[in-house]
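Student:
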Amino acid sequence: MIPFSHTWPYDKQMGDIYVHECPFCGAGNVRLNLKPGELKTVNEGRKKLVVFPCCSSRLNVIETDNDYLRFDQPVR
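This note's numbering numbers the first residue of the sequence shown as 98 and each following residue consecutively.
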């Protein structure tokens with residue numbers, strides 16, 4: 098079972114990936130350095146380092162679905 102504490106919701110908007118709120122500093126509408134095409138490679142087993150530009154926090158995305166990013170460490 099996937100731990101809910103390791104997941105965070107995201108949205109696709111105009112070819113970019115956004116999160117409504119940064120899990121670290123609380124900044125709103127944060128654009129990530131992740132493109133929709135990279136979500137497929139993540140699901141094929143490649144990790145992707147994501148840097149939150151608002152506070153420079155870093156996480157590895159290890160899995161995705163249509164609504165959530167799953168990270169290698171807890172974000173909740």
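Ideal Cβ positions, reconstructed from N, Cα and C, are used throughout, including at glycine.
Note that the coordinates shown come from a computational prediction; the quantities given were computed from them, not determined experimentally.
When DSSP labels each residue in this structure, what does Gly134 get in the three-state scheme?
Tutor: helix
Student: So what does DSSP say about Phe101, is it helix, strand or coil?
Tutor: Here Phe101 sits in helix by DSSP.
Student: Let me know if Ile99 comes out buried or exposed under the rule of 16 or more other beta-carbons within 10 Å of its beta-carbon.
Tutor: exposed
Student: Quick one: what's got a C-beta closer than 6 Å to Arg173's C-beta in the same chain, skipping five residues either side?
Tutor: Ser102
Student: Let me check one thing: in DSSP terms, what residues is Asp108 bridge-paired to?
Tutor: Tyr115
Student: When you compare only the Cα positions, how much space is there between Val116 and Asn126?
Tutor: 6 Å
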